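Counting in my numbering, the sequence shown runs from 1 upward without gaps.
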Amino acid sequence: MSVMAAPKEKTEEKKRVAILISGRGSNMSALIRAAKQPGFPAEIAGIISNKASAAGLEIAQNENLPTAIHQLKNFAGKDACDAAITKTLLEWQVDIVCLAGFMRILSARFTRHWQGKLINIHPSLLPKFKGLDTHQRALEAGESKHGCSVHFVVPELDAGPVIARSVIDVLPDDTPDTLAARILVEEHKTYPKALEQLALGHVRLEAGKAIWSQNPAPASAP
Ligand code: GRF
């Protein structure tokens, strides 16, 4: 593992957020952009990647954000690797962890440790199309609507309660790529909104459900 740049001082009002990535980091960038807006209730504490080659790491470094790399291959197993991730998150005084294209299933121990504080973005209207190749499978299934979901992470893959989602029409000539591109635009809007709601304490995970303290819940809630 390698950690670059010192963590910033914790400020009282804003929740401190770490983003876990594996690749290009476009959702990470959307969260970084949102956190720069005055009044946004969260600040980015650092970025962790499980791939040294993740393009998002360079973006994060250009933003002067702390970065760390924890690769499974350098540890005895998943629990040891995830314990190292938790150690970095605690050093950064993180309140909320956002998975953004993090392409490894985290250990049950890790998800239990961070439960209620750990969220993910998934490119489908969950509970439909958990896992990979969501756009291809939505087209094959003849879906007329598709979209993305931000959800609390629980040990079972893509099964946690949904906080926010965005729905688009599937067009007759859509391919997995055209669908992915349109949904990515929605992801970049939906993820910051969901993070904002969590950071404000408007939504929480309780007994396996997303509970809203606001009535009514925002329109992006399922
Ligand atoms: C996104 O489509 C996200 O929904 C999925 O993986 C992709 C990551 O893209 N989990 P990026 O790295 O955020 O650009």
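Note that the Cβ used here is the ideal one computed from N, Cα and C, for glycine as well. Treat the numbers as computed from the prediction; the structure is a model and nothing was measured.
Note the first and the last residue of the continuous alpha helix (DSSP H) segment covering Val185.
Residue 185 sits at position 185 when you count from the first residue of the sequence shown. Start and end: Pro176 to Ala199.
Can you name, in chain order, every residue of its own chain whose Cβ lies under 7 Å from the Cβ of Trp114, other than the five neighbours on each side?
Stepping through the sequence shown from its first residue, residue 114 is reached at position 114. Closer than 7 Å at the Cβ level, and outside the excluded window around Trp114, lie Val97.
Find out if the Cβ-Cβ distance for the pair Gly160, His146 is shorter than 7 Å.
Reading the sequence shown from its first residue, position 160 is the one you call residue 160. Reading the sequence shown from its first residue, position 146 is the one you call residue 146. Going by C-beta atoms, Gly160 is not nearer than 7 Å to His146.
At what residues does the beta strand (DSSP E) containing Arg204 begin and finish?
Sequence index remark: in the sequence shown, residue 204 carries index 204 (1-based). Run containing Arg204: Val203 to Glu206, per the beta strand (DSSP E) assignment.
Counting pairs of Cβ atoms below 8 Å between the region 56-73 and the region 131-141, do you hit three or more?
no
Buried or exposed by the 16-neighbour rule on C-beta atoms within 10 Å, applied to Met28
Residue 28 sits at position 28 when you count from the first residue of the sequence shown. With 16 or more Cβ atoms within 10 Å of its Cβ, Met28 is classed as buried.
Going by the DSSP bridge assignment, what does Val210 pair with across the sheet?
As a first step, residue 210 is located in the sequence shown; it is residue number 210 there, counting from the start. Here residue 210 is Ala; the residue named in the question, Val, does not match the sequence. In DSSP, Ala210 forms a bridge with Leu205.
What are the uninterrupted segments assigned as alpha helix (DSSP H) that are 4 or more residues long and contained completely in the region 120-152, given in chain order?
134-140
Taking 6 Å as the cut-off, is the beta-carbon of Asn27 closer than that to any non-hydrogen atom of the ligand GRF?
What you label residue 27 is simply residue 27 of the sequence shown in a count that begins at 1. Asn27: yes, Cβ under 6 Å from the ligand GRF.
In this structure, does DSSP put Ser166 in helix, strand or coil?
Within the sequence shown, residue 166 is the residue found at index 166, counting from 1. Strand.
Once the 5 residues before and after Leu57 are set aside, which same chain residues still bring their CB inside 8 Å of it?
Taking the sequence shown and counting its residues from 1, one reaches residue 57 at position 57. For Leu57, where only same-chain residues beyond five positions count, the Cβ hits under 8 Å are Ile21, Gly25, Ile47, Ser49, Thr67 and Ile69.
Do the region 175-190 and the region 120-130 touch if we need at least three Cβ pairs shorter than 8 Å?
yes
Can you look up Leu57 in the DSSP assignment and give me helix, strand or coil?
For the purposes of this step, residue 57 is taken as residue 57 along the sequence shown, with counting starting at 1. Helix at Leu57.
Whole-angstrom Cβ separation of Met16 and Ala45, contact assumed at under 8 Å?
Walking along the sequence shown from the start, residue 16 turns up at place 16. Walking along the sequence shown from the start, residue 45 turns up at place 45. The sequence given here has Arg at residue 16, not Met. Yes, Arg16 and Ala45 are in contact; Cβ-Cβ is about 4 Å, under 8 Å.
Less than 6 Å between the CB of Gly39 and some heavy atom of the ligand SAM, yes or no?
You won't find the ligand SAM in this model; what it holds is the ligand GRF.
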